[in-house]
Each structure stands twice: as structure tokens, then as C-alpha cells.
Amino acid sequence: MTSSAGPSQSSAVQGRAALVTGGTSGIGLAIARRFQQDGLQVAVLDLDRPTARAVAAEHGLGFVGADLSRREDCRRAVTEAGELLGGLDVLVNNAGFQHIDPIADFPEDTWDAMLHVMLTAPFLLSKYAWPLLTRSGQGRIINVASIHGHVASPYKSAYISAKHGLIGLTRTAALEAGEQGLTVNAICPGYVRTPLVEGQIADQARTRGITAQEVEQKVMLEPAAIKRLLDPEDIAALASYVASPAAWGMTGAVLDLDLGWTAR
Numbered sequence: 000m001t002s003s004a005g006p007s008q009s010s011a012v013q014g015r016a017a018l019v020t021g022g023t024s025g026i027g028l029a030i031a032r033r034f035q036q037d038g039l040q041v042a043v044l045d046l047d048r049p050t051a052r053a054v055a056a057e058h059g060l061g062f063v064g065a066d067l068s069r070r071e072d073c074r075r076a077v078t079e080a081g082e083l084l085g086g087l088d089v090l091v092n093n094a095g096f097q098h099i100d101p102i103a104d105f106p107e108d109t110w111d112a113m114l115h116v117m118l119t120a121p122f123l124l125s126k127y128a129w130p131l132l133t134r135s136g137q138g139r140i141i142n143v144a145s146i147h148g149h150v151a152s153p154y155k156s157a158y159i160s161a162k163h164g165l166i167g168l169t170r171t172a173a174l175e176a177g178e179q180g181l182t183v184n185a186i187c188p189g190y191v192r193t194p195l196v197e198g199q200i201a202d203q204a205r206t207r208g209i210t211a212q213e214v215e216q217k218v219m220l221e222p223a224a225i226k227r228l229l230d231p232e233d234i235a236a237l238a239s240y241v242a243s244p245a246a247w248g249m250t251g252a253v254l255d256l257d258l259g260w261t262a263r
């Protein structure tokens, strides 16, 4: 006798297809490569630059070039990914960037770009991909948010606003998608050792006159219970489970991988 509660563990992963935005470096690349290991066909989306195309080619990933600050690029990207992969079962909204400035000095055009890339684009990509993602009854949307979707830090107003909004979008989409077999979840990492974070560590070490290790331990990890930066592969491992048939009953979840940051 088999349970009718959800897809069986033997449901085929082979043949499923995933699109990962911001997928040519850091967390996005780690997720894309983990999905490959899991047997998915994977395309990565990034700005159309030779370096991004080269990374995709090096790892045998499909590539979709798009500027997620442009509405028309979001629509085209979903169409191209669907054609390239022969369908779409998993969408990972990971693309983003950070800009550090006090609110009084925050450039308005940078605010607009960050909100569009990190909040409006996930909405648009989810909207345009919805018919593809609901086709198999095992669709997944995974939004890579941040611990800053729960808490705030100074000088990151646009980033934090976008990540808070992304959690709200996740929960709303999950409620709307449930009857169509499409799950929507968010992953909220703490600080991850990516090129972006390495650059921030170096900058803070120079401005504060301390070592890079002191920046990690005394600045970035001060609120954390575990005093160690995450690796991109840690987030990829969690994304792998969320994308799998085993996670059919998880939706609207906000999954903190935060080294105990919010346990206080």
C-alpha cells in the first residue's frame, strides 16, 4: 500500500529542470552545481558577460543572459530557460547585490535597482514561470533571502527592505500555489564566505585598522552562536532538500541557516 499524502520518494528527479538566478558565482553557482549532482538539468541566469558565459560553460550549465532590473528581461529569461531546458520545475531567486550607505546619502537610482533585482524580479520571474512550474505538480520556488530578512543592520536599507519583502512574497505565493502542487520557500543564511563578503571583510579590516579574522569574529559573527562563516555549499545542501520530492509538504517556510543569530 502506498500513501497518497504526496509524491513518493521514488518520484523521478531525472528530467526535472531548474533555473538559478545569479548562478555564476557564490551561492548561486553552488546551488546550480548541487542540482546537477542531484540529476537536474540546470541553467543559470546572470548579466550577459563573457566571464559569466565562461563559468556556465566550464560547469556544463545552460546560460541565460538577462538584466533583472528590466521587466522585459525577466519575461524573456523565463521563455528562454523553458525553451533551453524543455520545461521548468525549479526556480531559485538568488540574484542580488549590496550597497552600504546611510539613508540620507543612499543613491536613489541604486535603491531602485536593488529593489527591482531582489524583490520585483523574483515576483516577475515567479509570475511568468508559474504555468511551467505548476505543470508537473512538483514545482518549486526557492527564494534566497537572508538573516537580514528578519533583523536590521545600519547602512543597508535597500538590501534589508528587499529581503523583508521577499519573505512576505514567499508566504503569499505559497498560499496561492498550494493546490497546484507548487511549493514556495525561503532560505535565510547568515554571513556566507562568498567573493562579495570577502570584499566586505577586506574593506572593514582597512577602515577599522584590524585584521580580517577580527572582522569575522568581532563584527560579522559577534551575534552568532557558531563563530564561523557559512560556505556556499551549506546553502546548496539545504536548497537541494527543498527542491527534492521529499520536501513536498514544506511550503511557506522561512528556513534560517543563521549560526544561531536569531536564537537570542
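Numbering (my numbering), first residue to last: 0 to 263.
Virtual Cβ for every residue (Gly too), placed ideally from N, Cα, C.
Determine whether the beta carbon atoms of leucine 90 and glycine 61 lie at a separation below 8 Å. Taking the sequence shown and counting its residues from 1, the one referred to as residue 90 is at position 91. Taking the sequence shown and counting its residues from 1, the one referred to as residue 61 is at position 62. Taking 8 Å as the cut-off, the beta carbon of leucine 90 is found no closer than this to the beta carbon of glycine 61.
Cross-strand partners of asparagine 142 (DSSP beta bridge): To locate residue 142, count along the sequence shown from 1; it is residue 143. Answer by DSSP bridge pairing, in chain order: Asn92, Ala185.
Just to confirm my understanding: we take proline 194, look at its own chain, exclude 5 residues before and 5 after, and list those with CB closer than 7 Å. What are they? The residue given as residue 194 occupies position 195 in the sequence shown. Excluding sequence neighbours, proline 194 sits near Ser24, Gly25.
Does the beta-carbon of isoleucine 200, which I'm using as the reference point, lie nearer than 7 Å to any heavy atom of the ligand FAD? The ligand FAD is not among the ligands present in this structure, which contains no ligands whatsoever.
Does DSSP put threonine 133 in a helix, in a strand, or in coil? Against the sequence shown, residue 133 aligns to sequence position 134. The three-state secondary structure of threonine 133, taken from DSSP, is coil.
Is the beta carbon of leucine 165 closer than 8 Å to that of leucine 87? Counting from 1 along the sequence shown, the entry for residue 87 is found at position 88. Counting from 1 along the sequence shown, the entry for residue 165 is found at position 166. No, they are not a contact pair.
For alanine 42: DSSP bridge partner residues: If you number the sequence shown from 1, residue 42 lands on position 43. DSSP, once it has assigned bridges, lists Leu18, Gly61 as partnering alanine 42.
Looking at C-alpha atoms only, which residue of Ala80, Leu118, Ala151 is the closest neighbour of glycine 95? Taking the sequence shown and counting its residues from 1, one reaches residue 95 at position 96. For glycine 95, the nearest C-alpha among the options comes from Leu118.
Alpha carbon to alpha carbon, how far is leucine 124 from histidine 147? The residue given as residue 124 occupies position 125 in the sequence shown. The residue given as residue 147 occupies position 148 in the sequence shown. Linking leucine 124 to histidine 147 through their CA atoms gives a straight-line distance of about 22 Å.
Near glycine 81, which residues of its chain fall below 7 Å by C-beta distance, leaving aside the five closest residues on each side in sequence? Position 82 of the sequence shown holds residue 81. Here glycine 81 has Leu87, Leu131 as same chain residues with Cβ atoms under 7 Å from its own Cβ, once five neighbours each way along the sequence are excluded.
Checking 8 Å against the spacing of the C-beta atoms, do isoleucine 200 and valine 214 come in under that value? Along the sequence shown, one-based indexing puts residue 200 at 201. Along the sequence shown, one-based indexing puts residue 214 at 215. Yes, these two residues count as a Cβ contact at 8 Å.
Glycine 189 and asparagine 93 look like a contact to me (Cβ under 8 Å); what is the Cβ gap, rounded to whole Å? The sequence position of residue 189 within the sequence shown is 190, counting from 1. The sequence position of residue 93 within the sequence shown is 94, counting from 1. So it is not a contact: roughly 16 Å between Cβ atoms.
Does valine 191 come out as helix, strand or coil in the three-state DSSP assignment? As a position in the sequence shown, residue 191 is number 192, starting the count at 1. Looking at valine 191 - three-state DSSP - the assignment turns out to be strand.
In the structure shown, what three-state DSSP assignment does valine 150 receive? Within the sequence shown, the letter at position 151 stands for residue 150. Looking at valine 150 - three-state DSSP - the assignment turns out to be coil, as it is neither helix nor strand.
Let's test the definition: count the other Cβ atoms within 10 Å of the Cβ of glutamine 8 and tell me whether it reaches 16, buried, or not, exposed. Translated into positions along the sequence shown, residue 8 becomes position 9. With a pLDDT of 38 at glutamine 8, under the threshold of 50, the modelled position of this residue cannot be trusted; read the value that follows with caution. Under this definition glutamine 8 is an exposed residue.
What whole-angstrom Cβ distance do glycine 180 and glutamine 212 have, given they're in contact under 8 Å? Position 181 of the sequence shown, counted from the start, is the residue given in the question as residue 180. Position 213 of the sequence shown, counted from the start, is the residue given in the question as residue 212. With 8 Å as the limit, glycine 180 and glutamine 212 do not qualify as a contact, their Cβ atoms being about 47 Å apart.
When the Cβ atoms of the stretch 152-161 are set against those of the stretch 42-60, are three or more pairs found closer than 8 Å? With a cut-off of 8 Å, the stretch 42-60 and the stretch 152-161 do not count as touching, because too few Cβ pairs lie within range.
Per DSSP, cross-strand counterpart(s) of leucine 114: As a position in the sequence shown, residue 114 is number 115, starting the count at 1. Paired residue(s): none; leucine 114 is not in a bridge.
Please go through the same chain and pick out, in chain order, the residues whose beta-carbon is closer than 6 Å to the beta-carbon of alanine 173, but skip the five residues on each side of it. Position 174 of the sequence shown holds residue 173. Counting only Cβ-Cβ distances below 6 Å, and skipping sequence neighbours, we find Val183, Thr250, Gly251.
What residues in its chain sit with their C-beta under 6 Å from that of alanine 144, if we drop five residues either side in the sequence? If you number the sequence shown from 1, residue 144 lands on position 145. If we look at alanine 144 and ignore the five residues flanking it on each side, its Cβ neighbours are Lys162, Leu165, Ile166, Ala185, Cys187.
For leucine 168, three-class secondary structure by DSSP: If you number the sequence shown from 1, residue 168 lands on position 169. Correct three-state label for leucine 168: helix.
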